[in-house]
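In terms of UniProt numbering, the sequence shown opens at residue 1 and continues consecutively. Below is one structure; the comments refer to it alone.
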Amino acid sequence: AGISKNGQTREHALLAFTLGVKQLIVGVNKMDSTEPPYSEARFEEIKKEVGNYIKKIGYNPAAVAFVPISGWHGDNMLEASDKMPWFKGWKVERKEGNADGKCLIEALDAILPPSRPTEKPLRLPLQDVYKIGGIGTVPVGRVETGIMKPGMLVTFAPANLTTEVKSVEMHHEALQEALPGDNVGF
């Protein structure tokens with residue numbers, strides 16, 4: 001129950017961790033459909049099972065907010081629900097500082113924005129390289145650190161190949177500069 005062997009919850013948690021998502025919120029939905037409705041035992045069972053799984057893949061469950069919700073009825077979405085008086089709130093413990101709250105919106109507000117290290121040297125792991133007729137070779141990847149601008153020289157490792165960045169594009173829009181977090185072609 002809660003998290004099946006080849007289920008979407010496992011898949012999404014693993015994908016999030018693999019893609020570098022550092023912070024997680026677990027919204028336990030459909031609490032209105034449990035037996036009995038809004039069951040504390042069912043929430044705790046799911047919390048334990050999901051907590052064990054996310055720990056296995058690399059998350060710290062103490063840094064994850066677990067919130068029982070009903071999206072259909074709006075319970076614990078924007079304000080604490082009177083249908084789950086047993087839920088005293090969520091709490092996260094992390095080195096950047098602890099946070100707590102009662103509902104999902106507060107958990108979302110407690111997510112810390114990722115640092116965008118623009119002062120470091122440019123690092124852009126390549127995801128793919130396209131050869132586009134009339135344009136040429138277009139490397140694609142996400143800027144992790146630094147800033148990329150048209151006109152700058154870049155060197156590819158390990159080939160030690162240096163070339164000039166003619167243009168930087170994100171979603172078919174030309175950019176004056178690409179910052180950490182931007183997925184770009186150049």
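Cβ coordinates follow ideal geometry from the N, Cα and C atoms, glycine included.
- Residue pairing by DSSP places Leu-153 opposite Glu-164 in a beta bridge.
- The segment 58-76 makes contact with the segment 90-99; the number of CB pairs closer than 8 Å reaches 3 or more.
- The residue from Glu-177, Pro-125 and Met-170 with its alpha-carbon nearest to that of Lys-149 is Glu-177.
- Our two residues, Met-31 and Glu-106, have alpha carbons roughly 18 Å apart in a direct line.
- Note that the C-beta distance between Met-170 and Val-184 is below 8 Å.
- Inter-segment contact for the segment 157-164 and the segment 113-121 is absent: fewer than three beta-carbon pairs are separated by less than 8 Å.
- Beta-carbon to beta-carbon, Glu-164 and Gly-146 are separated by about 16 Å, too far to satisfy the 8 Å threshold.
- Per DSSP, reduced to three states, the secondary structure at Tyr-130 is strand.
- If you look at Asp-109, you'll find it in the alpha helix (DSSP H) that goes 104-109.
- Contact check for Val-28 and Lys-55: beta-carbon distance about 17 Å, past the 8 Å limit, so the pair fails to qualify.
- For Arg-10, the enclosing alpha helix (DSSP H) covers residues 8-18.
- Arg-42 carries a helical assignment under DSSP once its states are collapsed to helix, strand and coil.
- Taking all protein chains in view, the Cβ of Ala-174 is surrounded by fewer than 16 other Cβ atoms within 10 Å, so the residue is classified as exposed.
- One thing to note: Gly-141 has its Cβ no nearer than 8 Å to the Cβ of Pro-121.
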